[in-house]
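Engineer: Which chain is which? The protein sequence lines are A and B, in order. Under my numbering, the first sequence has 410 at position 409, and the numbering climbs by one with no breaks. Under my numbering, the second sequence has 82 at position 83, and the numbering climbs by one with no breaks. Every residue, glycine too, gets a C-beta built ideally from N, C-alpha and C.
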Amino acid sequence: MSQKLRYKNYLLWFAQEHVNFRVAPFWVVQLDSEDDARKIASRSILVRYVIELWAFSTDLSGLNVQLQTQEVELVSTHMSSTFKIIVETFGKHFTQKEKIDKIEITDGQRNLMKELSLKQRKFIGNTSMDPQLSVIMVNQTKAKEGDIILDPFVGTGSVLISAAKFGAYTLGADIDYQTLHARTRPSRITQKVREKDESVAANMKQYGIQDRYLDVIVSDFTKSAWRPCFQIDAIVTDPPYGIRESVEKIGTTKDSVSISEEQADSHIPSKVDYALPHLFKDLLNFAAAHLKMDGRVVFWFPIFRKTFTSEQLPVHPCLELVANSEQVLSSHSSRLLLTYEKTKEVEVRFLISTFFCSFYQLTSTRILNHIFLFFFHIQSQPDDPPCVIGEDNFRELFFNEREEKRKVRRARKCEERARMKREWEKRVMASVSSEDSAS
Amino acid sequence: MKLLTHNMLSSKNVKGVIVGYPLKIEAFDVKVTEVEFNPEFIVKVIPKIDYSVLIRAAEYLGHVGKLPGHVPENVEKNTDFLKEIHHALLEVEVVKGDLICPESGRRFPITDGIPNMLLNEDEV
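So, in structure tokens, the structure goes:
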């Protein structure tokens, strides 16, 4: 190996002057060391550059192959240095744009920002996720072609759009019937009523990714409608925090409610508050039960900055926190984009249920069913894995802080107005007295 | 609601219901939309679904086509089968109808293709 690398190739590039004094505009020479190259350069007035030649080819793929054979050495010696790409031509001129096209081997996905812009999107809600952030959220799940991705708090489905863009098949659920059926008030100031065909599915169609849309369902997260052995590749969601969207689940504070059969068809179930810590705890439990091994759950977690400590982050025995990025929302609050990866199967009890679930698929005889029903019954007992969640009063803290600031601001504004009024009166008095003296 | 989704839904959270699977379908409006055929995805999905439930649902909706009673071996190479099951899983949609809990008979309406799995407050 060292024998082979004893000589290095150098490219001598001559100036296009006194052409008869040199062999060719380019000349590839083999030299022992960079010192030798420097020595030659120090005496040549016709040499523009002496360049260490790493690879030489008439096409990009050939260049690539050559570069890869010496990659290790190149990477180790130039790891920490910065670099610049220069496009030079001989006997031809490139415009700046043509040069840039040569440099830019591949683009980022910034164009997605424009393509997925909320301004042009058919169906949006008050809290539709910013396209940039939804792409980031989905990337955090390592979403890939053919994955099944679920957003259990889907809303208008912004996150699903990004997931489908990356080739995932998307499912969503939301407790709000009106939202999924686009019967809420329009979020655009210019729009008086929702159009008839607004929906998550219509958005998918707008972006040409309807093939990656599976379904959305109206469902209460605390009463999951997914069968227990349904396995998902990733869960990505922006749950409500109780600030701009309320956090609710089906329930009632009244004792013994009953809804008659005639009422049942048109009845809108009543909802009760769903405490944030419970929501996150349920989310992690749900993720641990439904994610495939190594699958990820990604979600926003609101924090109150003054009192936040990392101990408040949700913890689950089967999930490992792999990323945590903060988006500052105001002087007192932030939200963290948390990414957890499933590292362990949920305890034996769930395994049994999955096992019987698949076994159940194989048989349809009644007697066996009953035996399994019994096991399911054991499994479906309320179960509380050790799962810790912090901040239980985010909403109170958020509004208290804002309330106080509001009062301060109001007092200041009031004082300002009083001052302006005094000044104005002074000016009026002054002008009146000057008019008096003039007359 | 596509039949893939139907395959993943249950009514186990209704009070007193233990398995709540599979949900019966009653369809008033069924739509067929062409969806891009992605054999890799279908192959990946087959082990996740309950095949017999899919067959029964497809049969009911009249879209069982040439689907056999059991999943054949070496599905990866069986493009005809993959296309058939692709059609049943992703192209057939219940736009209007009901899902019915097999144990309690509770109905979950499907409107504009969206199943409403919400329970009322007296059922939770």
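Indicate whether V52 (chain B) and N6 (chain B) have their beta-carbon atoms separated by less than 8 angstroms.
Structural biologist: The count along the second sequence starts at 1 and reaches residue 52 (chain B) at position 53. The count along the second sequence starts at 1 and reaches residue 6 (chain B) at position 7. Result yes, Cβ atoms of V52 (chain B) and N6 (chain B) sit closer than 8 angstroms.
Engineer: Since F300 (chain A) is in the beta strand (DSSP E), which residue starts that stretch and which ends it?
Structural biologist: Here the question's residue 300 (chain A) lines up with position 299 in the first sequence. Note, F300 (chain A): beta strand (DSSP E), L292 to F305.
Engineer: First and last residue of the alpha helix (DSSP H) that includes Y50 (chain B)?
Structural biologist: As a working note, residue 50 (chain B) is residue 51 in the second sequence. Taken as a continuous stretch (DSSP letters only), the alpha helix (DSSP H) holding Y50 (chain B) covers Y50 to L60.
Engineer: So which of B:V94, B:P21, B:G96 and B:I84 has the shortest CA-CA distance to N46 (chain B)?
Structural biologist: Counted from its first residue, the second sequence places residue 46 (chain B) at position 47. It should be pointed out that residue 46 (chain B) corresponds to Pro in this sequence rather than to Asn. Ranking the options by Cα distance to P46 (chain B), first place goes to B:I84.
Engineer: Where do the ends of the alpha helix (DSSP H) carrying G209 (chain A) lie?
Structural biologist: Your numbering for residue 209 (chain A) matches position 208 in the first sequence. Note, G209 (chain A): premise wrong, no alpha helix (DSSP H); not H, not E.
Engineer: Looking only at DSSP bridge pairs, what is L98 (chain B) linked to?
Structural biologist: Residue 98 (chain B) sits at position 99 when you count from the first residue of the second sequence. For L98 (chain B), which the question treats as bridged, DSSP gives the partners B:I24 and B:F107.
Engineer: Give the residues of chain A in contact with F40 (chain B), contact being defined as C-beta atoms less than 7 angstroms apart.
Structural biologist: Residue mapping note: residue 40 (chain B) aligns to position 41 of the second sequence, counting from 1. Within chain A, the residues near F40 (chain B) are G147 and Y170.
Engineer: Could you please give the first and the last residue of the uninterrupted beta strand (DSSP E) stretch that includes A42 (chain A)?
Structural biologist: Counting from one through the first sequence, the residue named residue 42 (chain A) turns up at place 41. Not the beta strand (DSSP E): A42 (chain A) falls in the alpha helix (DSSP H), residues E35 to R44.
Engineer: Going straight from the alpha carbon of K5 (chain A) to that of K85 (chain A), what length do you get?
Structural biologist: By 1-based counting over the first sequence, the position of residue 5 (chain A) is 4. By 1-based counting over the first sequence, the position of residue 85 (chain A) is 84. Reliability of the predicted coordinates at K5 (chain A) is poor, the pLDDT of 49 falling under 50, and the value obtained from them is presented with this limitation in mind. One C-alpha to the other measures close to 28 angstroms.
Engineer: Would the beta-carbon of A16 (chain A) fall within 8 angstroms of that of L47 (chain A)?
Structural biologist: As a working mapping, residue 16 (chain A) is identified with position 15 in the first sequence. As a working mapping, residue 47 (chain A) is identified with position 46 in the first sequence. Yes.
Engineer: Hey, Y11 (chain A) and I52 (chain A): beta-carbon distance below 8 angstroms or not?
Structural biologist: As a first step, residue 11 (chain A) must be located in the first sequence, where it is residue number 10. As a first step, residue 52 (chain A) must be located in the first sequence, where it is residue number 51. Taking 8 angstroms as the Cβ cut-off, Y11 (chain A) and I52 (chain A) qualify as a contacting pair.
Engineer: Name the two residues that bound the continuous beta strand (DSSP E) containing D216 (chain A).
Structural biologist: Looking up residue 216 (chain A) in the first sequence gives position 215. Start and end: Y214 to V219.
Engineer: State the CB to CB distance for the pair V194 (chain A) and G173 (chain A), rounded to an integer number of angstroms; the pair is presumed to be in contact (CB under 8 angstroms).
Structural biologist: Residue mapping note: residue 194 (chain A) aligns to position 193 of the first sequence, counting from 1. Residue mapping note: residue 173 (chain A) aligns to position 172 of the first sequence, counting from 1. That belief does not hold up - the Cβ atoms of V194 (chain A) and G173 (chain A) are roughly 24 angstroms apart, past 8 angstroms.
Engineer: Grouping DSSP H, G and I as helix and E and B as strand, with all else coil, what is Q69 (chain A)?
Structural biologist: Residue mapping note: residue 69 (chain A) aligns to position 68 of the first sequence, counting from 1. Three-state result, Q69 (chain A): helix.
Engineer: So which of A:V258, A:S432 and A:T254 has the shortest CA-CA distance to D274 (chain A)?
Structural biologist: Locating residue 274 (chain A) in the first sequence gives position 273, counting from the first residue. For D274 (chain A), the nearest C-alpha among the options comes from A:T254.
Engineer: Below 7 angstroms CB to CB, which residues in the same chain sit around S295 (chain A) once its five sequence neighbours on both sides are set aside?
Structural biologist: Taking the first residue of the first sequence as 1, we reach residue 295 (chain A) at position 294. As written in the sequence, residue 295 (chain A) is Asp, which differs from the Ser given in the question. Here the set comprises E342 and K343.
Engineer: At least one CB of chain A closer than 8 angstroms to the CB of E25 (chain B): is that the case?
Structural biologist: For this step, residue 25 (chain B) is matched to residue 26 along the second sequence. It does not; no Cβ of chain A falls within 8 angstroms.
Engineer: State the DSSP-derived secondary structure class of R407 (chain A), mapped to helix, strand or coil.
Structural biologist: What you label residue 407 (chain A) is simply residue 406 of the first sequence in a count that begins at 1. Helix, per DSSP.
Engineer: Could you please give me the residues that DSSP links to R423 (chain A) through a beta bridge?
Structural biologist: If you number the first sequence from 1, residue 423 (chain A) lands on position 422. R423 (chain A) pairs with nothing; no bridge assigned.
Engineer: If the criterion is Cβ atoms closer than 8 angstroms, does the pair V139 (chain A) and F167 (chain A) meet it?
Structural biologist: The residue you call residue 139 (chain A) lines up with position 138 of the first sequence. The residue you call residue 167 (chain A) lines up with position 166 of the first sequence. Cβ atoms of V139 (chain A) and F167 (chain A): closer than 8 angstroms.
Engineer: Measure from the alpha carbon of A164 (chain A) to the alpha carbon of each residue in A:D148, A:T128 and A:K197, then state which is nearest.
Structural biologist: As a working note, residue 164 (chain A) is residue 163 in the first sequence. Comparing Cα-Cα distances from A164 (chain A) to each of A:D148, A:T128 and A:K197, the minimum goes to A:D148.
Engineer: Determine which residues share a DSSP beta bridge with Y11 (chain A) and list them.
Structural biologist: Indexing the first sequence from 1 puts residue 11 (chain A) at position 10. Paired residue(s): A:V30 and A:E53.
Engineer: Please confirm whether D28 (chain B) and V74 (chain B) have their CB atoms less than 8 angstroms apart.
Structural biologist: Residue mapping note: residue 28 (chain B) aligns to position 29 of the second sequence, counting from 1. Residue mapping note: residue 74 (chain B) aligns to position 75 of the second sequence, counting from 1. Contact flag unset, no.
Engineer: Measure the C-alpha to C-alpha separation of S188 (chain A) and L3 (chain B) and round it to an integer number of angstroms.
Structural biologist: Numbered from 1 along the first sequence, position 187 holds the residue referred to as residue 188 (chain A). Numbered from 1 along the second sequence, position 4 holds the residue referred to as residue 3 (chain B). When rounded, the distance between both Cα atoms is 32 angstroms.
Engineer: Does DSSP put F376 (chain A) in a helix, in a strand, or in coil?
Structural biologist: Counting from one through the first sequence, the residue named residue 376 (chain A) turns up at place 375. Model confidence at F376 (chain A) stands at a pLDDT of 46, short of 50, so the residue's coordinates are unreliable; what they give is reported in the following sentence. Three-state result, F376 (chain A): helix.
Engineer: List, in order along the chain, the chain B residues whose C-beta lies closer than 7 angstroms to that of D216 (chain A)?
Structural biologist: As a working mapping, residue 216 (chain A) is identified with position 215 in the first sequence. Per Cβ cutoff of 7 angstroms: M0, K1 and T4.
Engineer: Is it buried or exposed for Q313 (chain A), if we count other Cβ within 10 angstroms and need 16 for buried?
Structural biologist: If you number the first sequence from 1, residue 313 (chain A) lands on position 312. Per the 10 Å Cβ criterion, buried.
Engineer: Given that Q232 (chain A) touches chain B, what residues does it touch there, using C-beta distances under 7 angstroms?
Structural biologist: By one-based count along the first sequence, residue 232 (chain A) stands at place 231. Those within 7 angstroms of Q232 (chain A) in chain B are K47.
Engineer: Less than 8 angstroms between the beta carbons of I236 (chain A) and P132 (chain A), yes or no?
Structural biologist: The count along the first sequence starts at 1 and reaches residue 236 (chain A) at position 235. The count along the first sequence starts at 1 and reaches residue 132 (chain A) at position 131. Their beta carbons are not under 8 angstroms apart, which means I236 (chain A) does not touch P132 (chain A) by this criterion.
Engineer: Report all residues from its chain with a CB closer than 6 angstroms to the CB of K224 (chain A); omit the five preceding and five following residues, and keep chain order.
Structural biologist: Sequence index remark: in the first sequence, residue 224 (chain A) carries index 223 (1-based). There are no such residues.
Engineer: With 8 angstroms as the threshold, decide whether the Cβ of V63 (chain B) is near any Cβ in chain A.
Structural biologist: Against the second sequence, residue 63 (chain B) aligns to sequence position 64. Answer no: the Cβ-Cβ gap between V63 (chain B) and chain A never drops below 8 angstroms.
Engineer: Using three-state DSSP, classify H85 (chain B) as helix, strand or coil.
Structural biologist: Working through the second sequence from its first residue, we reach residue 85 (chain B) at position 86. Helix.
Engineer: Taking C-beta pairs closer than 8 angstroms, name the residues in chain B that R49 (chain A) reaches, listed in chain order.
Structural biologist: Position 48 of the first sequence, counted from the first residue, corresponds to residue 49 (chain A). None at all; the shortest Cβ gap to chain B is about 53 angstroms.
Engineer: Assuming L280 (chain A) and V248 (chain A) are in contact, meaning their beta carbons sit under 8 angstroms apart, how far apart are those beta carbons, in whole angstroms?
Structural biologist: Your numbering for residue 280 (chain A) matches position 279 in the first sequence. Your numbering for residue 248 (chain A) matches position 247 in the first sequence. The Cβ separation is near 6 angstroms, so the contact holds.
Engineer: Can you give the Cα-Cα distance for N127 (chain A) and A276 (chain A), rounded to whole angstroms?
Structural biologist: Numbered from its first residue, the first sequence carries residue 127 (chain A) at position 126. Numbered from its first residue, the first sequence carries residue 276 (chain A) at position 275. Spanning the two alpha carbons is a distance of roughly 22 angstroms.
Engineer: Where does P46 (chain B) sit, in a helix, a strand or coil, going by DSSP?
Structural biologist: For the purposes of this step, residue 46 (chain B) is taken as the residue at position 47 of the second sequence. Residue state, collapsed to three classes: helix.
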